[in-house]
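Protein sequence lines correspond, in order, to chains A and B. Heads up, the final residue of the first sequence is numbered 105 in our numbering, and it's a clean run with no missing numbers. Heads up, the final residue of the second sequence is numbered 392 in our numbering, and it's a clean run with no missing numbers. All C-beta atoms in this analysis are idealised placements derived from N, C-alpha and C, irrespective of residue type, glycine included. Note sheet for the following structure.
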Amino acid sequence: MVINTSAALLDAIVLAVVAREERGTYGYKITQDVRQVLELSESTLYPVLRRLQKDGCLTVRDEACNGRNRRYYEVTTAGRERLEKFRGEWDAYTSQINKLFRGEL
Amino acid sequence: MRKYAYLAKLEELLAALPAQERQDALNFYEEYFDAAGSENEEKTAEELGDPAEVARKVLEGEGIAAPEEDSTQPDRNIDPPPAPTIDAAAEQPLPEDLPFAVSQNPVPETPVSPVQTPVRRSFSQVWLVVGVLIALALVIQLAVLASTLGGSDGEKTAASMIDSIESESTEAETLSPAPVDHGFSGSGLVTYTADIRTNGRGTLNIVINSGNVAFQTGKAGKIEVSNVDVSQAVTLSKTDGEDSFTCESNDPATHVTVTLPADAYQAVNVMILNSGAIELGNLQAEEITAITAEGLIQSEQVCAGSLALQTNKGSIWLEKAANGTKYQLERVTLSAPQGYVSARLDAPESSWETKITNGEGYSRTTMADENTETVRYLDVQAGGKIDLQYTK
Chain A
1 MVINTSAALL
11 DAIVLAVVAR
21 EERGTYGYKI
31 TQDVRQVLEL
41 SESTLYPVLR
51 RLQKDGCLTV
61 RDEACNGRNR
71 RYYEVTTAGR
81 ERLEKFRGEW
91 DAYTSQINKL
101 FRGEL
Chain B
1 MRKYAYLAKL
11 EELLAALPAQ
21 ERQDALNFYE
31 EYFDAAGSEN
41 EEKTAEELGD
51 PAEVARKVLE
61 GEGIAAPEED
71 STQPDRNIDP
81 PPAPTIDAAA
91 EQPLPEDLPF
101 AVSQNPVPET
111 PVSPVQTPVR
121 RSFSQVWLVV
131 GVLIALALVI
141 QLAVLASTLG
151 GSDGEKTAAS
161 MIDSIESEST
171 EAETLSPAPV
181 DHGFSGSGLV
191 TYTADIRTNG
201 RGTLNIVINS
211 GNVAFQTGKA
221 GKIEVSNVDV
231 SQAVTLSKTD
241 GEDSFTCESN
251 DPATHVTVTL
261 PADAYQAVNV
271 MILNSGAIEL
281 GNLQAEEITA
291 ITAEGLIQSE
301 QVCAGSLALQ
311 TNKGSIWLEK
321 AANGTKYQLE
331 RVTLSAPQGY
341 VSARLDAPES
351 SWETKITNGE
361 GYSRTTMADE
371 NTETVRYLDV
381 QAGGKIDLQY
391 TK
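Spelled out as structure tokens, the structure:
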């Protein structure tokens, strides 16, 4: 694919994936979900989750699952605000580009 | 690579991170392996990709420059060697009745309410648990180990190796760091580099106090030390039959990279006195001895006639041990009294005379098949799980 995914876009995609789950979701599932919409190396996700966590967009909690720990990620209010802001920008951006490509501009 | 080998490698590569952040990353990837299923460990490791690449991304994410060993080195062969082909028959799991399995579930399987946050288990704690379980047996293990090593003739023992190193280093001159001249300009990581000969004879001894030692294959013989100020601590002595390199730095970040062509020396000995991992890579030498007081010993495909690996506190992961061009793999000693041992041996199981024990009370000796031309000797001691595979 010739179109690169910027760090900001990747952040937003991850936020959108996590935001779908009310009680949060875990690393492996996030990776699989993101990979359904985007070709992405499996090793890319951890740094993104760390970054979003540091920025206060995600919170984590640990739960036991089959005798092991599993870390759940949940989107915070700040995370939802950032996602909304990005969504707005994305709509404006894509609609302009789409118009151009369709010869409407 | 299996889960624990992968995580151990990652742990080593993330040494530059603060403990908590390193643990978070290791937990993430351990969880990832667990969620992907224990039957898919090899596949998951492949999907995650080279641990060096994973580590690089994690370190970058935490604002730490990745260590030099990743891919910045121009002459380093980045491509992994072809996966060892193991005959399907040799892949069969060990019989059910072997008490090899170590519980990988030290946390009891009780439902936990969301309020109660379980204590996250550190990856290294898994080995610690194993270590504690066998603590009593260890004393016996060490006694057995000493007698075994001392009793096998023709093999260099840990004790004799220390002796030869100590007598050697008294005559060694202290070298000042040589200028770096191999494409690392600006990195500032390599602090010492020296050429070593590669005429196929004699012995190379590498002895360091703390840090990691990694071998890689290359045309010219070279020793590089990085990540630490070694100007006062490094010696390299060259005599007719023996080249001895020592680094007395106690900094665990010390990293020694040894580049050698195949069979550059007849014998290669590595010893880490305090703590550190040994990566043998694709080393080829007729006699290979690698000993660390604490840390992982691992390899890609090593070729040797005699291979002796010992880690007093850590595990051994041998991707493959095979014959060399001029010698047969005849003697393998793997000793990890507090860890796991995983090895693939490129010779039929029937050609081995084996002695295998672990800290959980398992003990087995087998004789080689009567019709075997070359009888090979295998001695394995582990604290916990032992995973051995043979080719046909």
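Within-7 Å CB hit, residue i to chain B
| i | result |
| --- | --- |
| A:E89 | no |
| A:G106 | Shown here, chain A extends from 1 to 105; a query on residue 106 of chain A therefore has no answer. |
| A:R35 | no |
| A:Y73 | no |
| A:T94 | no |
Closer than 7 Å to chain A by CB, residue i
| i | result |
| --- | --- |
| B:E353 | no |
| B:E360 | no |
| B:G211 | no |
| B:E39 | no |
| B:A15 | no |
| B:E370 | no |
| B:E300 | no |
| B:E11 | no |
| B:E31 | yes |
| B:F215 | no |
Minimum C-alpha distance to residue i - residue among the options
| i | options | result |
| --- | --- | --- |
| A:T57 | A:V17, A:V2, A:T5, A:G103 | The amino acid occupying residue 57 of chain A in the given sequence is Cys; Thr does not appear at that position. Residue A:V17 is the option with its Cα nearest to A:C57. |
| B:S306 | B:N274, B:Q23, B:V268, B:G339 | B:V268 |
| A:A7 | A:R61, A:E89, A:R51, A:D62 | A:R51 |
| B:N199 | B:A233, B:Y192, B:D243 | B:D243 |
| B:E53 | B:Y32, B:Q23, B:L14 | B:L14 |
| A:K85 | A:A12, A:E74, A:T25, A:G103 | A:A12 |
| B:K385 | B:I356, B:T374, B:T366 | B:I356 |
| A:V60 | A:V48, A:I3, A:K54, A:E74 | A:E74 |
| B:A25 | B:D369, B:V58, B:D50 | B:V58 |
| A:A19 | A:T5, A:V37, A:T77 | A:T77 |
| B:S275 | B:Y265, B:T292, B:E287, B:Q266 | B:T292 |
| B:D379 | B:T365, B:K238, B:L318 | B:T365 |
| B:Y340 | B:L309, B:A347, B:D369, B:T354 | B:L309 |
| B:E46 | A:L45, A:S41, A:L49, A:L15 | A:S41 |
| B:T235 | B:G241, B:S249, B:N227 | B:S249 |
| B:N227 | B:G218, B:K238, B:T193 | B:T193 |
| B:T374 | B:Q328, B:L388, B:R344 | B:Q328 |
| B:A264 | B:C247, B:T203, B:N312, B:I297 | B:T203 |
Proximal chain A residues relative to residue i, where beta-carbon distance stays under 7 Å
| i | result |
| --- | --- |
| B:D34 | R68 |
| B:A25 | Y46 |
Where residue i sits in the DSSP three-state scheme
| i | result |
| --- | --- |
| B:S350 | helix |
| B:F184 | At B:F184, the pLDDT of 32 sits below 50, so the modelled position is not reliable; the number obtained from the coordinates is stated separately. It is coil, neither helix nor strand. |
| B:Y32 | helix |
| B:I297 | strand |
| A:V75 | strand |
| A:N98 | helix |
| A:L105 | coil |
| B:L17 | coil |
| B:I206 | strand |
| B:S38 | helix |
| A:V2 | coil |
| A:R20 | coil |
| A:E39 | coil |
| B:Y327 | coil |
| B:R201 | coil |
| B:E279 | strand |
| B:K219 | coil |
| B:A52 | helix |
| A:R70 | strand |
Where residue i meets chain B, residues with beta-carbon distance less than 7 Å
| i | result |
| --- | --- |
| A:S43 | L48, G49, E53, V54, K57 |
| A:R50 | G61 |
Contact set between residue i and chain A, taken where Cβ atoms lie within less than 9 Å
| i | result |
| --- | --- |
| B:F245 | Here the premise fails: no neighbours, minimum Cβ distance about 34 Å. |
Residue-level contact to chain E via CB, residue i, 7 Å cutoff
| i | result |
| --- | --- |
| B:R376 | Among the chains of the structure shown, chain E does not appear; the protein chains present are A and B. |
Cβ-heavy atom distance, residue i to the ligand ATP, below 6 Å
| i | result |
| --- | --- |
| A:E104 | In the structure on display, the ligand ATP does not appear, and there are no ligands present to speak of. |
The stretch 246-259 of chain B in contact with the stretch 206-214 of chain B per 3-pair CB rule at 8 Å: Flag = yes, the stretch 246-259 of chain B and the stretch 206-214 of chain B touch.
With contact counted as at least three CB pairs below 8 Å, one residue from each stretch, are the stretch 62-70 of chain A and the stretch 81-89 of chain A in contact? Touching, no, given that fewer than three Cβ pairs across the two stretches are closer than 8 Å.
Does the structure place the stretch 5-23 of chain B close enough to the stretch 87-97 of chain A that three or more beta carbon pairs sit under 8 Å? Taking 8 Å as the limit for Cβ pairs, the verdict is that the stretch 5-23 of chain B does not touch the stretch 87-97 of chain A.
Does the structure place the stretch 334-343 of chain B close enough to the stretch 360-368 of chain B that three or more beta carbon pairs sit under 8 Å? With the cut-off at 8 Å, the stretch 360-368 of chain B and the stretch 334-343 of chain B do not touch.
Examine the Cβ distances between the stretch 321-329 of chain B and the stretch 295-303 of chain B and report whether three or more of them are shorter than 8 Å. Yes, since at least three Cβ pairs between the stretch 321-329 of chain B and the stretch 295-303 of chain B fall closer than 8 Å, the two stretches touch.
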